[in-house]
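Student:
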Amino acid sequence: MQPVSLYFKKGGWGLEDIAQIIANLGFPIGISIFLLVRTESKIEKLNDSINELSKSIAALGTVKK
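Per the working numbering, residue 10 is the first one in the sequence shown, and the count goes up by one each step.
1. Confirm, please, whether the CB-CB distance from Gly23 to Ile31 is below 8 Å.
2. Can you tell me which of the three DSSP states Leu48 falls into?
3. Note down the Cα distance separating Gly35 from Gly70, rounded to an integer number of angstroms.
4. If you run the structure through DSSP and keep just helix, strand and coil, what is Gly39?
5. Which of helix, strand or coil does DSSP assign to Gly70?
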């Protein structure tokens, strides 16, 4: 079995990269890695949105009526 290098290219993974990971590690592990990488950026965006919303709510609480 050949060693697998899991590097992240700026433009994303190509079809050949995904096929090599699946061939070397197996389909379930390959799909798991793909899903983890794909959802990581979405979770970061959600986290940023939640932080921004928290700041906005805190700012509304400091406004005098």
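Even for Gly, the Cβ is constructed at its ideal location relative to N, Cα and C.
Tutor: Let me lay it out:
1. no
2. Before going further, note that residue 48 is Thr rather than Leu in the sequence given. It is helical.
3. 52 Å
4. helix
5. helix
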